[in-house]
Every structure is written in C-alpha cells, then in structure tokens.
Amino acid sequence: MLYSATTRGFYVDGDQSAPSDAVKISATRHAALLDAEAQGHLIEPDAKGRPQIRTRAVDIAAQRALLITAIKAEAGRRIRAVCPVERQLNLMREGRGDEVAALVDPLRERSNALEARANAAGKAWLDEFDPTRDAHWQD
C-alpha cells in the first residue's frame with residue numbers, strides 16, 4: 085500500500101496514478117490506520133509524509149453529553165431488566181403503581197445522581213467512568 089501526504093489518501097502499490105510523494109506502508113499498518121479512523125481518529129501525515137493517527141480533541145461539554153446519554157441508556161436497560169415495560173403497564177393498570185415505583189425509582193434516583201456527578205466532573209473522571217459497571221448502581 086501507498087500513502088500520499090498531499091492527497092491524504094491511500095493507493096495500491098504500483099498504481100500509476102499515485103502522487104510522487106506516496107510512501108510505502110505495510111498492509112498491517114494500513115489496516116490499523118483504517119481501524120483507528122473508524123473509531124473516530126484522524127489520519128494525518130507526519131513531517132516525513134508518513135501516515136500517523138491523531139486523536140480528535142473532544143470538547144468536555146460534548147464528552148459530558150455523551151456520557152450522560154450513556155448513563156440514561158444504562159438506567160433504561162437496568163429498569164427494563166428488573167421490570168419490563170409490559171409488566172410496568174400491567175401493574176399500573178391493576179392499581180399497583182407503588183410496586184413499579186419501588187423497582188424503578190431507586191434506579192432513576194441513582195441515574196440522576198450519576199448524571200449530576202458527570203455534569204460536575206473533570207476530564208479524568210469522564211474518561212474513566214464506565215456506566216455499565218454494577219458498582220456505580222449500588223449504594
């Protein structure tokens with residue numbers, strides 16, 4: 085494979101249309117670069133024109149928003165695990181909404197607390213926090 089810094093593109097080795105600045109890279113390196121790009125990273129040339137991976141800078145507000153969305157999704161998953169929507173509806177129709185509240189409210193309260201913590205947290209906490217860990221959902 086070849087990589088051109090001027091076009092920031094890849095070419096098949098031997099391709100006559102490849103720019104003159106194209107440099108050889110291994111198939112393994114090409115695959116790693118494409119994998120990194122698929123994960124949101126950038127492929128940019130270094131000073132010698134070779135492709136390198138650069139991590140996109142994520143605005144802390146955007147990172148918070150993504151994490152809060154993940155916390156809400158995890159709360160929803162946990163709520164459905166303890167009391168599926170159909171069961172919630174059936175219990176409420178039977179006038180047993182207090183049973184639904186007993187199952188759902190603690191998870192909603194924990195979700196609210198985790199979201200508040202995410203809103204106040206610094207980058208290091210946001211980077212490390214995994215909302216799927218059981219320990220975050222227990223008292």
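Quick note: the sequence shown, position 104, residue 188 per my numbering, numbers continuous. Glycine is no exception: its CB is placed at the ideal position from the N, C-alpha and C atoms. Remember, predicted model here, so these are calculated numbers, not experimental data.
Exercise. Between Asp214 and Ile152, what straight-line distance do the alpha-carbon atoms span, to the nearest angstrom?
Worked result: In the sequence shown, counting from the first residue as 1, residue 214 sits at position 130. In the sequence shown, counting from the first residue as 1, residue 152 sits at position 68. Each residue's Cα considered, the two are about 11 Å apart.
Exercise. What are the partner residues of Arg138, as DSSP defines its beta bridges?
Worked result: Working through the sequence shown from its first residue, we reach residue 138 at position 54. For Arg138, the beta-bridge partners assigned by DSSP are Leu126.
Exercise. How long is the line joining the alpha carbons of Arg92 and Ala146, rounded to whole angstroms?
Worked result: Taking the sequence shown and counting its residues from 1, the one referred to as residue 92 is at position 8. Taking the sequence shown and counting its residues from 1, the one referred to as residue 146 is at position 62. Cα-Cα distance, rounded: 27 Å.
Problem set entry | Secondary structure of Ser104, DSSP reduced to three states | The residue you call residue 104 lines up with position 20 of the sequence shown. In this structure, Ser104 counts as coil in the three-state DSSP scheme.
Exercise. Quick one: is Ala115 buried, meaning 16 or more other Cβ sit within 10 Å of its Cβ, or exposed?
Worked result: Working through the sequence shown from its first residue, we reach residue 115 at position 31. It is exposed - the Cβ of Ala115 has fewer than 16 other Cβ atoms within 10 Å.
Exercise. Leu198: buried (16+ other C-beta within 10 angstroms of its C-beta) or exposed?
Worked result: The sequence position of residue 198 within the sequence shown is 114, counting from 1. Flag for Leu198 reads buried.
For this session: Starting from Ser88, follow the alpha helix (DSSP H) in both directions and report where the run begins and ends.
Result: Here residue 88 corresponds to residue number 4 of the sequence shown, with the count starting at 1. DSSP places Ser88 outside any alpha helix (DSSP H); the residue lies instead in the beta strand (DSSP E), whose first and last residues are Leu86 to Ser88.
Exercise. Taking one C-beta from the stretch 163-175 and one from the stretch 129-139 each time, how about it: are there three or more such pairs within less than 8 Å?
Worked result: The stretch 163-175 makes no contact with the stretch 129-139; the number of CB pairs closer than 8 Å stays below 3.
For this session: Give me whichever residues DSSP pairs with Phe94 in a beta bridge.
Result: In the sequence shown, residue 94 corresponds to position 10, counting from 1. According to DSSP, Phe94 bridges with Tyr87.
Exercise. Using the C-alpha atoms, what's the distance from Leu191 back to Glu158?
Worked result: Along the sequence shown, read from residue 1 onward, the residue named residue 158 stands at position 74. Along the sequence shown, read from residue 1 onward, the residue named residue 191 stands at position 107. Taking the straight line from one Cα to the other gives about 10 Å.
For this session: Return the CA-CA distance between Phe94 and Ser101, expressed in angstroms with no decimal places.
Result: Residue mapping note: residue 94 aligns to position 10 of the sequence shown, counting from 1. Residue mapping note: residue 101 aligns to position 17 of the sequence shown, counting from 1. Their backbone Cα atoms lie some 11 Å apart in a straight line.
Problem set entry | Span separating the alpha-carbon of Ile144 from that of Leu117 | For this step, residue 144 is matched to residue 60 along the sequence shown. For this step, residue 117 is matched to residue 33 along the sequence shown. Our two residues, Ile144 and Leu117, have alpha carbons roughly 25 Å apart in a direct line.
Problem set entry | Span separating the alpha-carbon of Tyr87 from that of Ala204 | The residue given as residue 87 occupies position 3 in the sequence shown. The residue given as residue 204 occupies position 120 in the sequence shown. If I take the Cα positions, the gap works out to 43 Å.
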